[in-house]
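In our numbering, the protein residues as written are -14 to 193.
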């Protein structure tokens, strides 16, 4: 999985830097805020509904070619899982750093597609709901064992440019290649990776 992540990172970066650069690149900074819907892909399976949370942070975008650029973000991302039994829900709070290739189509108004690798680090976790009684389920009694998270992110959106001010709506799917719990041969879970969707509204300012 790590090899896949590294390869994806290299290909994503080279896509930008292999382009012919504009004479005057477009540089933007701004902020983004939105909602997440998340679960953890457990194997053996744990029946879940999506858990709702929030995410948001800072955005830096560098557009060096007519239809492609580079985007990096620093976000606070809420993830976790909500079990279908209605007895247990845990929230995971991450600091997240996506490195995205930004493809766009249009001029003042643009459709765009972002894709690339991301890394995250768990800063806190808490039970939002725990109505279990003396549970022995691994996911109920075990704290997160792997705080470092890495994976891939891809999504699309639409933006409007008003005198250098960008207003955009961005939807994204995020899949982690790492596990939140240990997956050694003696451990219960073979996999336990984050899967989450996000919808964000952003405001970006063009730097001349």
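Glycine residues also receive a C-beta, built at the ideal position from the N, C-alpha and C atoms.
Fair warning: this is a prediction, and the values are worked out from it, not measured in the lab.
| CB of residue 82 within 8 Å of CB of residue 65, strictly | The count along the chain shown starts at 1 and reaches residue 82 at position 97. The count along the chain shown starts at 1 and reaches residue 65 at position 80. Cβ atoms of residue 82 and residue 65: not closer than 8 Å.
| request: Compare the Cα-Cα distances from residue 109 to each of 167, 146, 192, 80 and report the closest residue. | output: As a first step, residue 109 must be located in the chain shown, where it is residue number 124. Closest by C-alpha distance to residue 109, out of 167, 146, 192, 80, is 80.
| How long is the line joining the alpha carbons of residue 53 and residue 94, rounded to whole angstroms? | Sequence index remark: in the chain shown, residue 53 carries index 68 (1-based). Sequence index remark: in the chain shown, residue 94 carries index 109 (1-based). So the two alpha carbons sit approximately 15 Å from each other.
| So what's residue 123 in DSSP terms, helix, strand or just coil? | Translated into the one-based positions of the chain shown, residue 123 becomes position 138. In the structure shown, residue 123 sits in a helix (DSSP, three-state: H, G or I).
| query | Quick one: any contact between the segment 66 to 73 and the segment 18 to 32, if contact means 3 or more CB pairs under 8 Å? | reply | Because the criterion of three Cβ pairs below 8 Å is met, the segment 66 to 73 and the segment 18 to 32 touch.
| message | Assuming the contact rule is C-beta atoms closer than 8 Å, residue 101 and residue 84 should be a hit. Round their C-beta distance to whole Å, please. | response | Within the chain shown, residue 101 is the residue found at index 116, counting from 1. Within the chain shown, residue 84 is the residue found at index 99, counting from 1. Residue 101 to residue 84, Cβ: 5 Å. Contact.
| said: Following a CB-centred definition, is residue 66 positioned closer than 7 Å to any heavy atom of the ligand COA? | reply: The ligand COA is not part of the structure shown, which contains no ligands of any sort.
| query | Shortest alpha-carbon distance to residue 174 belongs to which of 55, 118, 119, 125? | reply | Here residue 174 refers to the residue found at position 189 when the chain shown is read from its first residue. Taking residue 174 as reference, the option from 55, 118, 119, 125 with the minimal CA-CA separation is 125.
| task | Assign residue 83 to one of three DSSP states: helix, strand, or coil. | result | Locating residue 83 in the chain shown gives position 98, counting from the first residue. In this structure, residue 83 counts as strand in the three-state DSSP scheme.
| Out of curiosity, what's the CA-to-CA distance linking residue 99 and residue 118? | Indexing the chain shown from 1 puts residue 99 at position 114. Indexing the chain shown from 1 puts residue 118 at position 133. Rounded to whole angstroms, the gap between the alpha carbons of residue 99 and residue 118 is 44 Å.
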